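Novice: Just so we're aligned, residue 130 is where the sequence shown starts under the working numbering, counting upward by one. All residues carry an ideal CB built from backbone N, CA and C; glycine is no exception. The model shown is predicted, which means the values in this text are computed figures rather than measured ones.
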Amino acid sequence: MSRTTPPRPVDITAAFPQLAPLARTATRLHPRPGSPTPHDSSVGGPLLWPADERWPYCDEWHDGPGPVAMLPVAQLYVRDIPLLRPPGTADLLQVLWCPFSHEPDDRPLTFVVWRTAAEVTDVLAAPPEPFDAEYGYVPAPSVLTPEQITEYPNPMELSEELRLRLSDGSAWRAAGADNPYVLAPDEYYWNELSVTPGWKVGGWTRWGLTDPVPRLCPECGADMDPLLTVASSEWASNTHSWIPAEDRAFAEASLDHPEPWNPTRLDLARGYDLQLHICRVSPEHPHIGLIQ
């Protein structure tokens with residue numbers, strides 16, 4: 130089943146034209162429980178991993194018998210997510226992590242691989258598994274139904290002038306836009322009109338735990354762009370307008386059920402998201418991760 134994000138309740142660029150040049154495309158992944166194969170884009174599914182290639186391990190001490198085998202987190206084929214910018218002839222992104230939190234920000238150690246799928250002729254049948262895992266760090270195998278949407282920056286990344294306009298209820302009324310957040314009009318933009326919740330590729334960085342900080346490539350110093358957001362939930366109580374149309378009836382009837390608002394069963398750093406960023410100049414340079 131496909132997933133469709135409802136149209137935004139307000140055309141934000143009609144109300145505030147200054148936002149139009151800041152629009153970015155993002156791809157919502159919409160993971161849902163399933164049985165993916167190594168030839169599918171997936172979350173928590175089997176990887177198209179060469180049988181003769183060493184599996185990645187975390188060498189940090191985790192009170193166990195030795196190094197920890199990393200777990201598959203996501204496998205994304207460019208044919209399904211054209212927004213990806215792979216290097217060279219690569220057409221497949223694979224992300225793994227150590228299923229334990231790491232200091233200083235409770236972020237799992239991640240491993241990113243770009244590869245060319247056609248070059249993998251002998252797939253590893255039985256990957257190593259970790260001896261243990263922290264609660265909330267083992268993603269449930271999920272299939273994807275990617276959907277492209279448009280995002281706008283978090284308010285903290287906007288100019289002071291535009292932030293002030295978004296916080297002014299009279300500016301919304303003058304533009305003919307219905308803003309139900311009477312006491313804090315800018316939160317309506319933040320929650321419902323800017324950055325989508327849930328798993329996604331690309332788009333804008335999601336802030337909230339901290340103010341925005343520079344994201345510079347550790348190798349060349351260039352700016353870095355969002356690559357993949359690994360989410361602890363697909364939506365929250367203040368972002369219901371982002372619930373896909375196909376999930377609305379079930380979501381409203383089953384608010385306490387772990388699906389669909391948390392189909393991957395993750396709980397990172399007490400409910401936050403992990404956002405991987407890559408170098409704007411070369412995606413092969415080391416990535417960075419943010420917990421937000």
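Report the rounded CA-to-CA distance for residue 262 versus residue 197, giving the unit in angstroms.
Specialist: If I take the Cα positions, the gap works out to 9 Å.
Novice: Enumerate in chain order the residues of its own chain whose CB-to-CB distance from residue 374 is below 6 Å, with the five nearest sequence positions on each side excluded.
Specialist: Cβ neighbours of residue 374 beyond the five flanking positions: 133 and 135.
Novice: According to DSSP, is residue 277 helix, strand or coil?
Specialist: Strand at residue 277.
Novice: Relative to the C-alpha of residue 409, which candidate in 363, 291 and 354 has its C-alpha closest?
Specialist: Checked all of 363, 291 and 354; the closest Cα to residue 409 is 354.
Novice: Is residue 361 closer than 7 Å to residue 395 when the C-beta atoms are compared?
Specialist: A contact, by the Cβ cut-off of 7 Å.
Novice: What is the DSSP secondary structure of residue 404, counted as helix, strand or coil?
Specialist: Three-state result, residue 404: strand.
Novice: Any Cβ of chain C within less than 7 Å of the Cβ of residue 264?
Specialist: Looking at the structure shown, chain C is missing, and only one protein chain is on hand.
Novice: Rounded to whole angstroms, what's the CA-CA distance from residue 326 to residue 182? Just pull it up for me.
Specialist: Each residue's alpha carbon lies about 35 Å from the other.
Novice: Using 8 Å for Cβ pairs, my map puts residue 397 next to residue 239. What's the rounded Cβ distance?
Specialist: Actually they are not in contact, since the Cβ atoms of residue 397 and residue 239 sit about 11 Å apart, beyond 8 Å.
Novice: Would you say residue 250 and residue 218 are within 7 Å of each other, going by their C-beta atoms?
Specialist: No, the pair does not count as a contact, with Cβ atoms beyond the cut-off.
Novice: At 3 residues or longer, what runs of the beta strand (DSSP E) sit wholly inside the segment 282-354?
Specialist: Runs of the beta strand (DSSP E) inside the segment 282-354: 329-331.
Novice: Measuring alpha carbon to alpha carbon, tell me which residue in 344, 307, 317 and 231 is nearest residue 356.
Specialist: That would be 344, whose Cα lies nearest to the Cα of residue 356.
Novice: Three Cβ pairs or more, each shorter than 8 Å: is that satisfied between the segment 298-316 and the segment 253-271?
Specialist: Output reads no: the segment 253-271 does not touch the segment 298-316.
Novice: In whole angstroms, give me the CA-to-CA distance for residue 227 and residue 189.
Specialist: Their backbone Cα atoms lie some 9 Å apart in a straight line.
Novice: Leaving out the 5 sequence neighbours to the left and right, which residues in its chain are closer than 6 Å to residue 141 when beta-carbon positions are compared?
Specialist: Here the set comprises 148 and 322.
Novice: From the DSSP output, in three-state form, read off residue 229 for me.
Specialist: Residue state, collapsed to three classes: strand.
Novice: Can the beta-carbon of residue 241 be found less than 7 Å from the beta-carbon of residue 177?
Specialist: Result no, Cβ atoms of residue 241 and residue 177 do not sit closer than 7 Å.
Novice: Measure the CB-CB distance between residue 212 and residue 156 and report whether it falls below 7 Å.
Specialist: Yes. Within cutoff.
Novice: Could you check if residue 419 is buried or exposed, using at least 16 other CB atoms within 10 Å of its CB as the buried criterion?
Specialist: Counting Cβ neighbours within 10 Å, residue 419 comes out buried, since at least 16 surround it.
Novice: Determine the contact status of residue 162 and residue 210, defining contact as a CB-CB distance below 7 Å.
Specialist: Not closer than 7 Å, so no.
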